[in-house]
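Engineer: Below is a structure I'd like to ask you about.
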Amino acid sequence: MTNPNSSRTRALLAIAFASGMLGSPLPALAQSADEPRDALIRRLVSKAEVPPEVRAYYFLLLANHYLKASDNTSAEFIIQPLANPKYTSDLFIRPNDDRGRDRMISSLNNIARDTHNVTANVAPSSVSRNDGNDALANEAMKSALSEINKSSDQHATLILHFIVYQLYQQMGNKTETKTYSSLLEQDIRACEAAPEANEKLITAASMALNAMAYGWIPFNPSNLPELRIQMSRKLMAPQLSTSPQSVPAIKNFTFTEKEFQQSEKLKLRAAVLADRLPAKNNLRRMNHRDLAIWYAELGKTELADKQKQALFELVGVKDERILYPQPGACGSFVWWTIKPPQFGGGCGMG
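Just so we're on the same page, the working numbering is the position in the sequence shown counted from 1, plus 1.
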């Protein structure tokens, strides 16, 4: 049985939270009465060996924790991954790392949804904020901004500007929200205007745009395990129809016309950016695939068909099953094929 108090287990839990970034926090431990409340912020400031954009990311994690914490709780687990440099070297985007991109997409979607819920008063927080935590959140935000200003990594900066913009909205800081909304828009427009396609920057801009769209209508086909499981079962059962229309809707969505238009505008903008990448690029294909399912789930059949045809052209297969992954080895999924992959041997996972 795994020892929940082992250092290895604590490190793995910390890494899992950091990769999920702004999702539900893990249970926190009591803060030591002898330790200053800003000790973690000071410790993070002192980590000169960590790239500035990575420090900024963790400052934002701390700010998010303090915004949601109801009492004097420790955030030690948040910065635990920084104890091992290998967990921070590829924190943002590697062009061929689909899993890493999916984790970041999930993180950005989480914060966009939280922001929408707070600003629209959809799900008022049951947590009673206190002045001490608000002060720590502001201090962490200021430290993050200082590190962002030191970074020369454009795609990381764009992602960080998105997070800062969202957190300031949650904090109700209208002045800084406007400032970072403008900065984020400048980042995205610079990407759109660039004469050459920069895959990492396009990926960052596309993720930010889709996350903002998710804030308006919280449905993202790429990160919906239920839909993948449903379709993989159908693919393994030839006697059943494999048409996407036969897959039951995961959720009945209610949305206004304004919410649809705002979300659609952002998603189409992301797709136009991704279309600057090669036809075989996974991000480009996934944008059209997600749009096809998104439109279909929202009852926009003609628009869904248009996106399906665009995907068919990119993949070279005119079959609706291409919208869904094939079940691969050890619980994985294989995209852009309608033939079940063949595997030999085991994967060593048991």
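We treat Cβ as the ideally placed atom computed from N, Cα and C, and that holds for glycine.
How far does the alpha helix (DSSP H) with N85 in it extend, from its first residue to its last?
Structural biologist: From DSSP, N85 is part of no alpha helix (DSSP H); its letter is neither H nor E.
Engineer: Inspect the CB distances between the stretch 153-162 and the stretch 48-67 and report whether three or more fall short of 8 Å.
Structural biologist: Because the criterion of three Cβ pairs below 8 Å is met, the stretch 153-162 and the stretch 48-67 touch.
Engineer: Taking the CB atoms as reference points, tell me whether L284 and L292 lie closer together than 8 Å.
Structural biologist: No.
Engineer: Would you say the stretch 212-220 touches the stretch 106-124, given that touching needs at least three Cβ pairs under 8 Å?
Structural biologist: Yes, since at least three Cβ pairs between the stretch 212-220 and the stretch 106-124 fall closer than 8 Å, the two stretches touch.
Engineer: Please list, in chain order, all residues of the same chain as M172 whose beta carbon is under 6 Å from its beta carbon, the five residues on each side excluded.
Structural biologist: Excluding sequence neighbours, M172 sits near nothing in its chain.
Engineer: Is F60 closer than 8 Å to L83 when the C-beta atoms are compared?
Structural biologist: No, Cβ-Cβ distance for L83 and F60 is not below 8 Å.
Engineer: Please report the straight-line C-alpha distance between L184 and H162, rounded to a whole angstrom.
Structural biologist: Taking the straight line from one Cα to the other gives about 7 Å.
Engineer: Please work out which residues of its chain come closer than 7 Å, Cβ to Cβ, to P342, disregarding the five sequence neighbours upstream and downstream, and give them in chain order.
Structural biologist: Contacts found: Q327, G329 and V335.
Engineer: Tell me the DSSP secondary structure of P53 in three-state form.
Structural biologist: P53: helix per DSSP, three-state reduction.
Engineer: For P222, which residues from the same chain have a beta carbon less than 8 Å from its beta carbon, with the 5 sequence-adjacent residues on both sides left out?
Structural biologist: Closer than 8 Å at the Cβ level, and outside the excluded window around P222, lie L228, R290, D291, I294, W295 and E298.
Engineer: By DSSP, does F261 sit in helix, in strand, or in coil?
Structural biologist: Correct three-state label for F261: helix.
Engineer: Round the Cβ separation of Y67 and A138 to the nearest angstrom and send it over; I've been treating them as touching at under 8 Å.
Structural biologist: With a Cβ gap of about 4 Å, Y67 and A138 count as contacting.
Engineer: Within 10 angstroms of the Cβ of R102, are there 16 or more other Cβ atoms? Answer buried if so, exposed if not.
Structural biologist: It counts as buried.
Engineer: Measuring alpha carbon to alpha carbon, tell me which residue in Y166, A271 and E258 is nearest G300.
Structural biologist: Comparing Cα-Cα distances from G300 to each of Y166, A271 and E258, the minimum goes to E258.
Engineer: Note the first and the last residue of the continuous alpha helix (DSSP H) segment covering Q155.
Structural biologist: Here the alpha helix (DSSP H) through Q155 covers Q155 to M172.
Engineer: Return the bridge partner residues of F334 from the DSSP annotation.
Structural biologist: For F334, which the question treats as bridged, DSSP gives the partners P328.
Engineer: If you draw a straight line from the alpha carbon of E140 to that of L312, how long is it in whole angstroms?
Structural biologist: Each residue's Cα considered, the two are about 46 Å apart.
Engineer: Considering Cα atoms alone, identify which of D115, A64 and N211 is closest to T142.
Structural biologist: In the sequence as displayed, the identity of residue 142 is Met instead of Thr. The shortest Cα separation from M142 among D115, A64 and N211 belongs to A64.
Engineer: With distances taken from CA atoms, which of V165, L41 and T158 is nearest A369?
Structural biologist: Outside the shown range of the chain (2 to 351) lies residue 369, about which nothing can therefore be said.
Engineer: For a test of the three-state rule: what should DSSP assign to T180, helix, strand or coil?
Structural biologist: In the structure shown, T180 sits in a helix (DSSP, three-state: H, G or I).
Engineer: Closest to R43 by C-alpha separation, out of A121, A145, K340 and L210, would be which residue?
Structural biologist: Here the closest residue by C-alpha is A145.
Engineer: State whether the stretch 261-268 contacts the stretch 199-213, with contact taken as three or more CB pairs (one from each stretch) at a distance under 8 Å.
Structural biologist: Taking 8 Å as the limit for Cβ pairs, the verdict is that the stretch 199-213 does touch the stretch 261-268.
Engineer: If you run the structure through DSSP and keep just helix, strand and coil, what is A274?
Structural biologist: The identity of residue 274 in the sequence shown is Leu, whereas the question assumes Ala. Helix at L274.
Engineer: Under DSSP, the alpha helix (DSSP H) around Q308 begins and ends at which residues?
Structural biologist: It spans T302 to V316 - the alpha helix (DSSP H) in which Q308 sits, taken as one unbroken run.
Engineer: Going by Cα to Cα distance, which pick from A49, L202 and Q308 is closest to D188?
Structural biologist: For D188, the nearest C-alpha among the options comes from L202.
Engineer: State the start and end residues of the unbroken alpha helix (DSSP H) segment that holds E148.
Structural biologist: Counting along the chain, the alpha helix (DSSP H) containing E148 begins and ends at D132 to I149.
Engineer: For a quick check, are the C-beta atoms of A206 and L315 less than 8 Å apart?
Structural biologist: Cβ atoms of A206 and L315: not closer than 8 Å.
Engineer: Assuming the contact rule is C-beta atoms closer than 8 Å, Y166 and S182 should be a hit. Round their C-beta distance to whole Å, please.
Structural biologist: The Cβ separation is near 5 Å, so the contact holds.
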